[in-house]
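Just so you know, we're using this note's numbering here: the sequence shown kicks off at 3 and counts up by one.
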Amino acid sequence: MSATAKTTSTAHRFLEIFGIAGFCLLEMFLAWRAIAHSQSVLDALVIVGAVLVGFVAADFMSGLVHWAFDRYGSVDTPLFGPNFILPFREHHTDPKGITYHDFVETNGNNCIVTVPILAGAASIDPSWGAFAVFTSCFLGAMCLFVFGTNQFHKWAHQDDPPHWVQALQRWRLILDTPGHDIHHKAPFETYYCITTGWLNPLLAKIRFFELMETTIFRLTGVRGGVDDAKITGKN
Ligand SMILES: [Zn+2]
Ligand SMILES: [Zn+2]
């Protein structure tokens with residue numbers, strides 16, 4: 003498949019567009035509600051703290067989802083195979099392909115998966131107390147940075163991204179190219195986090211994903227491993 007070819011069906015494209023619209027509406031509602039609720043320094047601190055924790059959590063979630071789709075299932079897995087697993091596996095054989103994706107293809111999937119979480123955050127009433135405010139803002143911030151993840155990932159593969167993006171990469175506020183290149187060496191078994199990449203050195207040091215795979219194998223007998231023969235044409 004060429005770098006510019008579509009990797010999604012028309013039906014999935016519509017789902018992505020609805021996902022982006024739902025994501026934007028829910029994020030705007032949560033931001034408006036957080037600002038309206040913030041009436042003291044303590045309120046503001048709770049919200050800022052929730053946003054920072056959400057930023058780190060998004061990096062962790064990006065690694066967890068990336069690892070799961072890299073290591074489990076196949077491109078033939080119902081529902082997830084063609085729309086979620088295929089783009090991750092294909093990205094290993096065609097890393098520059100992502101730089102040709104338009105806004106909807108780059109960000110649609112992440113919006114689809116975050117809309118139910120945002121709906122849950124919107125259902126939390128801030129009048130329940132500081133923990134409710136924290137939880138709602140944490141979920142909203144985490145989803146916002148999860149939304150940014152594929153865009154940050156795309157920029158990490160671009161030869162000449164905008165200057166302000168290069169500055170964010172240099173300051174390590176978003177995924178930087180040298181850090182992400184560590185994942186792009188076969189067998190693609192480390193540095194899965196692709197939002198900021200902050201957690202990659204720690205998770206590699208404690209062998210987090212190897213431990214997860216060992217635990218899953220002991221509990222279910224299912225072994226993790228890349229099954230991208232159809233993409234690479236090995237079969
Ligand atoms: Zn990967
Ligand atoms: Zn990549």
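By construction, the Cβ of each residue, glycine as well, lies at the ideal position given by its N, Cα and C atoms.
Check: Take the Cβ of G181 as the centre, count every other Cβ of all protein chains shown within 10 Å, and call the residue buried at 16 or more, exposed below.; Outcome: buried
Check: Shorter than 7 Å, the distance from the beta carbon of F57 to the closest heavy atom of ligand 1, or not?; Outcome: no
Check: Please identify the residue among E18, I37, G75, F62 whose C-alpha is closest to the C-alpha of G227.; Outcome: G75
Check: What is the C-beta distance between C139 and I49, in whole angstroms, given that I count them as a contact (C-beta under 8 Å)?; Outcome: 5 Å
Check: What residue range is occupied by the uninterrupted alpha helix (DSSP H) comprising L81?; Outcome: Segment: none, L81 is in no alpha helix (DSSP H) and carries neither H nor E.
Check: Is the CB-CB distance between Q153 and N109 below 8 Å?; Outcome: yes
Check: Quick check on this structure: which residue in R73, W173, E29, G199 has the alpha carbon closest to the alpha carbon of V53?; Outcome: E29
Check: Can you tell me whether T222 is buried or exposed, with buried defined as 16 or more other CB within 10 angstroms of its CB?; Outcome: exposed
Check: With DSSP as the reference, label W200 as helix, strand or coil.; Outcome: coil
Check: So, are the CB atoms of F147 and T197 less than 8 Å apart?; Outcome: yes
Check: Mapping DSSP to helix, strand and coil, what is R174?; Outcome: coil
Check: Compute the distance between the beta-carbons of C113 and I22, then report whether it is under 8 Å.; Outcome: yes
Check: Just checking H155 against ligand 4 - is the residue's beta carbon closer than 7 Å to any of the ligand's heavy atoms?; Outcome: Ligand 4 is absent from the structure shown, which contains only ligand 1 and ligand 2.
Check: Which stretch, first to last residue, makes up the alpha helix (DSSP H) that contains E92?; Outcome: 88-95
Check: In terms of residue numbering, what span does the alpha helix (DSSP H) encompassing F105 cover?; Outcome: 105-124
Check: When you compare only the Cα positions, how much space is there between N202 and A132?; Outcome: 31 Å
Check: Is there contact here, the stretch 66-85 with the stretch 160-170, by at least three beta-carbon pairs under 8 Å?; Outcome: no
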